[in-house]
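No gaps in the numbering here: position 140 of the sequence shown is 152 in the numbering used here, and each next residue is one more.
Quick reminder that beta carbons are idealized off the backbone N, C-alpha and C, glycines included.
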Amino acid sequence: MPSMSKEINSFEIVKGLIDTSVKKLNLNRAVYDILTEPQRVLTVTIPVQMDDGSLRVFTGYRSQHNNALGPYKGGIRFHHEVNMDEVKALSAWMTLKCAVMNVPYGGGKGGVIVNHKELSPGELERLCRGYIRAIAPVLGSEIDVPAPDVGTNGQAMAWMMDEFSRYRNHNEFGVITGKPVMLGGSLGRLEATSRGCVFTIREAAKATGLKLKDATVAVQGFGNVGAIAARLLQQEDGCRILAVGDSGGAIYNPRGLDIKALEEHKSCTGSVKEFPGARSVTGEELLALSCDILVPAALENQITAENAGQIKAKIVAEGANGPTTPEADRILAARKVLVLPDVLANAGGVTVSYFEWVQNNSGYYWCEDEVNQRLERKMVEAFNEVFCLYQKRKDVDMRGAAYMVAISHLAEAMRVRGWLGSQVYADAKCDYKLA
Ligand code: GLU
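Pasting the structure below:
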């Protein structure tokens, strides 16, 4: 996988995209000023006793970007490349994502600089508990609600929810989502990001006349999002998954990979590489494969000005946050590749997090079919709103349209709250409803 994340600053990228949309919507500059800085960013140090008796001090962050539409909401990332600007960018994307989806949340994100694969289960538990204790003063089910992200999972959420409940002296299930089902998690949450991504792919395929049966797919990233998206596309839509890559390597089989068997292979060996019957390819070759659908489901800044010209897929569905740079967006748009942007395509996760929180707050739990049906309704509605605007305006791509939908929702919420003073629109003729 290309490792360009260092040179490209995701927070500068998101600010540029917000700037463009605020101008296109003809909104007052105050909207830009508010949305381009988080409302609060907390930096914490977390001392953790290691198994060998030594002490390591980790650095963590929580960025609370905007709460105009509801409590801050967003995952916690454990990764060695975490930095404050990345966390700020990811928190801004959460604000936009929840606003596109009409989910009543703001945006937040947390991160800890750590290679979680190097820690023992005991060390990981102590790090999860230490991190949540450090940020506990700014959390709460009506204040800020974390969830899993890259490098964290349901077990981590269980430890964090347990630690927070001790801090508050009562069980607070709704403070964290993505929990194990036994501890107030929602059925369908584990698959939700991937399922949401598949729903947007289905809508895009309908809209563009692409038949999903036997459609060819390449997936970059074989963690929770990429692996389950590949499995659903294969099992439910009859797609042929040609290639899959993870941090250990990438593999290719022109006849298609058996995703269930590949998931077992990865759980035994830790990587997709050396999967029987497939040949190994580089990360760059995977992105450039001849296929109908490319799903980047790893990290930020993978599709760049350097490789966008080689992409042959008709649809790029962003399972990851921020995988495509603005230069790459322009190259893909010129080549008529339809990019389903992260704030829409991977919004299934936070949407089912919202369902989990609703279930926690009401104490009544839904069956998996109900979760999936409600998710489908939300994804199709949001896709249609974004796609209609994209078709109507000739001057935006799908990402531009999604940002305009999100920012119009946010601007209206901030206006009625009184955050923007008396003047909202730079030009009184602006129609924020985009109709
Ligand atoms: N980390 C996921 C995301 O980036 C899920 C966030 C959540 O469920 O709050 O969308």
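G196 versus M410, S365, C280, residue with shortest Cα-Cα distance: Within the sequence shown, the letter at position 184 stands for residue 196. Residue S365 is the option with its Cα nearest to G196.
Length of the line joining the Cα atoms of A329 and V193: The residue you call residue 329 lines up with position 317 of the sequence shown. The residue you call residue 193 lines up with position 181 of the sequence shown. Cα to Cα, the separation comes out at about 28 Å.
Heavy atom of ligand 1 within 7 Å of D156 beta-carbon: Taking the first residue of the sequence shown as position 1, residue 156 is located at position 144. Result no, Cβ not under 7 Å from ligand 1.
Bridge partner(s) assigned by DSSP for V91: Numbered from its first residue, the sequence shown carries residue 91 at position 79. Looking at the sequence itself, residue 91 is His, so the reference to Val does not match. Bridge partners of H91: I125.
Buried or exposed by the 16-neighbour rule on C-beta atoms within 10 Å, applied to H77: For this step, residue 77 is matched to residue 65 along the sequence shown. The residue in question, H77, is buried, as its Cβ has 16 or more Cβ neighbours within 10 Å.
Option in S434, G430, Y415 with minimal Cα separation from L37: Within the sequence shown, residue 37 is the residue found at index 25, counting from 1. Of the candidates S434, G430, Y415, the one whose C-alpha sits nearest the C-alpha of L37 is Y415.
Distance between beta carbons of D63 and E154, contact taken as under 8 Å: Start at 1 with the first residue of the sequence shown, and residue 154 comes out as number 142. Start at 1 with the first residue of the sequence shown, and residue 63 comes out as number 51. No, E154 and D63 are not in contact; Cβ-Cβ is about 37 Å, not under 8 Å.
Start-to-end residues for the alpha helix (DSSP H) that takes in Q371: The sequence position of residue 371 within the sequence shown is 359, counting from 1. Residues 360 to 374.
Neighbour-count burial assignment, L29, 16 or more Cβ in a 10 Å radius: Position 17 of the sequence shown, counted from the first residue, corresponds to residue 29. When all chains shown are included, L29 counts as buried.
C-alpha distance - K109 paired with E393, whole-angstrom precision: Taking the sequence shown and counting its residues from 1, the one referred to as residue 109 is at position 97. Taking the sequence shown and counting its residues from 1, the one referred to as residue 393 is at position 381. Distance between the alpha carbons of K109 and E393 is about 14 Å.
Cα-Cα separation, V428 to G118: Here residue 428 refers to the residue found at position 416 of the sequence shown. Here residue 118 refers to the residue found at position 106 of the sequence shown. Roughly 16 Å between the two C-alpha positions.
Touch test, the region 337 to 347 against the region 359 to 378, Cβ-Cβ under 8 Å, three pairs minimum: Touching, no.
Nearest neighbour of F399, chosen from E93, A357, W369, G186 [CA to CA]: Residue mapping note: residue 399 aligns to position 387 of the sequence shown, counting from 1. Among E93, A357, W369, G186, the Cα nearest to that of F399 belongs to A357.
Assumed close pair H73, T55 - CB separation to whole angstroms, cut-off 8 Å: As a first step, residue 73 is located in the sequence shown; it is residue number 61 there, counting from the start. As a first step, residue 55 is located in the sequence shown; it is residue number 43 there, counting from the start. In the sequence on display, residue 73 carries Tyr and not His. Contact flag correct, Cβ pair sits at about 6 Å.
Outcome for P288 when other beta-carbon atoms lying within 10 angstroms are tallied against a minimum of 16: Walking along the sequence shown from the start, residue 288 turns up at place 276. Answer is exposed; the Cβ neighbour count stays below 16.
Beta-carbon proximity of S206 to E98, cut-off 8 Å: Within the sequence shown, residue 206 is the residue found at index 194, counting from 1. Within the sequence shown, residue 98 is the residue found at index 86, counting from 1. No, these two residues do not count as a Cβ contact at 8 Å.
Cβ-heavy atom distance, P160 to ligand 1, below 7 Å: Looking up residue 160 in the sequence shown gives position 148. Yes, the Cβ of P160 comes within 7 Å of a heavy atom of ligand 1.
K100 Cβ short of 7 Å to ligand 1 heavy atom set: The count along the sequence shown starts at 1 and reaches residue 100 at position 88. No - ligand 1 has no heavy atom lying nearer than 7 Å to the Cβ of K100.
Between the CA atoms of I144 and H128 - distance to the nearest angstrom: As a first step, residue 128 is located in the sequence shown; it is residue number 116 there, counting from the start. As a first step, residue 144 is located in the sequence shown; it is residue number 132 there, counting from the start. Approximately 16 Å, taken between the alpha carbons.
Three CB pairs or more closer than 8 Å across the region 270 to 283 and the region 300 to 310: Fewer than three Cβ pairs drawn from the region 270 to 283 and the region 300 to 310 lie within less than 8 Å of each other, which leaves the two stretches out of contact.
Closer than 7 Å: N114 CB and nearest ligand 1 heavy atom: As a working note, residue 114 is residue 102 in the sequence shown. For ligand 1, not one heavy atom lies less than 7 Å from the Cβ of N114.
Beta-bridge pairing of V157 - partner residues as DSSP gives them: Here residue 157 refers to the residue found at position 145 of the sequence shown. K85, per the DSSP bridge assignment.
Straight-line gap, N373 to G295 (C-alpha atoms, nearest Å): Position 361 of the sequence shown, counting from 1, holds the residue named residue 373. Position 283 of the sequence shown, counting from 1, holds the residue named residue 295. Cα to Cα, N373 sits roughly 43 Å from G295.
C-alpha gap between A320 and E184, whole angstroms: Here residue 320 refers to the residue found at position 308 of the sequence shown. Here residue 184 refers to the residue found at position 172 of the sequence shown. Cα to Cα, the separation comes out at about 45 Å.
First through last residue of the beta strand (DSSP E) which encompasses S75: The residue labelled residue 75 in the question sits at position 63 within the sequence shown. Element bounds for S75: 67 to 78.
D270 and G233 closer than 8 Å at C-beta: Your numbering for residue 270 matches position 258 in the sequence shown. Your numbering for residue 233 matches position 221 in the sequence shown. No, Cβ-Cβ distance for D270 and G233 is not below 8 Å.
CA-to-CA distance, D45 to A204, given in whole angstroms: Counting from 1 along the sequence shown, the entry for residue 204 is found at position 192. Counting from 1 along the sequence shown, the entry for residue 45 is found at position 33. Spanning the two alpha carbons is a distance of roughly 33 Å.
Opening and closing residue of the beta strand (DSSP E) in which I58 lies: Looking up residue 58 in the sequence shown gives position 46. That run of the beta strand (DSSP E) goes 52 to 61.
Beta-carbon proximity of F367 to S103, cut-off 8 Å: Numbered from its first residue, the sequence shown carries residue 367 at position 355. Numbered from its first residue, the sequence shown carries residue 103 at position 91. The answer is no: Cβ separation not under 8 Å.
With 16 other Cβ atoms within 10 Å as the buried cut-off, status of Y376: Taking the first residue of the sequence shown as 1, we reach residue 376 at position 364. Label assigned to Y376: exposed.
Rounded C-alpha distance that separates A101 from P353: As a working mapping, residue 101 is identified with position 89 in the sequence shown. As a working mapping, residue 353 is identified with position 341 in the sequence shown. Between A101 and P353, the C-alpha separation is close to 15 Å.
C-beta contact flag for M172 and P158 at 8 Å: The residue given as residue 172 occupies position 160 in the sequence shown. The residue given as residue 158 occupies position 146 in the sequence shown. It is a contact, given that the beta carbons lie within the stated cut-off.
Given I25 as reference, the closest of G122, G334, G433 once Cα atoms are compared: The residue you call residue 25 lines up with position 13 of the sequence shown. When only C-alpha atoms are compared, the closest one is G334.
Close Cβ partners of Y444 (< 7 Å) along its chain, the five nearest in sequence each way excluded: Reading the sequence shown from its first residue, position 432 is the one you call residue 444. Below a pLDDT of 50, predicted positions are generally treated as unreliable, and Y444, at 49, falls in that range; no measurement from the model is reported.
Where the alpha helix (DSSP H) through P335 begins and ends: Here residue 335 corresponds to residue number 323 of the sequence shown, with the count starting at 1. Where P335 is concerned, there is no enclosing alpha helix (DSSP H), given that its DSSP letter is neither H nor E.
Proximity test, K390 beta-carbon vs ligand 1 heavy atom, cut-off 7 Å: As a first step, residue 390 must be located in the sequence shown, where it is residue number 378. Flag unset: Cβ of K390 not near ligand 1.
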